[in-house]
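Take a look at the structure set out below.
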């Protein structure tokens with residue numbers, strides 16, 4: 001089969017393979033879904049539960065349950081919203097930052113091991129793949145103080 005050159009075909013394949021890659025990492029490393037919430041908080045900063053649910057792609061009740069679990073584990077904490085007394089902000093604790101760093105380290109080690117199994121793939125190719133994803137999916141702006149509960 002000839003290599004695709006149409007950007008829309010390649011883009012679709014990139015999206016499919018990236019999603020498959022993330023699912024495979026989570027499954028092979030047995031990473032809990034809650035680790036993704038830690039990552040969302042790291043990217044967006046302290047956030048309300050509704051904002052977290054939107055960024056995570058779940059309902060507010062589901063996010064409330066995840067946040068309660070993370071608070072119980074000591075990885076997040078809730079504090080009063082500075083401008084909305086009806087809301088709270090969820091933020092990472094030092095333990096949450098450590099857990100997220102551990103998960104990211106495991107991901108990196110796993111990817112390095114997978115690359116070692118394929119000697120035709122180079123670090124330069126990996127660097128290019130990372131750069132492409134950085135350009136296509138820029139880091140979100142920190143939304144500290146978001147008013148969504």
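Residue numbers (UniProt numbering): 1 to 149. We put the CB at the ideal spot given by N, CA and C, even for glycine. No experiment lies behind these values; they were computed from the predicted model shown.
Under DSSP, no beta-bridge partner is assigned to residue 13. Taken through DSSP and simplified to helix, strand or coil, residue 80 comes out as strand.
Remark: fewer than three beta-carbon pairs, one from each stretch, lie closer than 8 Å, so the segment 6-22 and the segment 85-98 are not flagged as touching. Cβ-Cβ separation between residue 34 and residue 70: approximately 6 Å, consistent with a contact (criterion under 8 Å). Collapsing the DSSP output to three states places residue 121 in coil.
Note on geometry: alpha-carbon atoms of residue 52 and residue 118 lie some 37 Å from one another.
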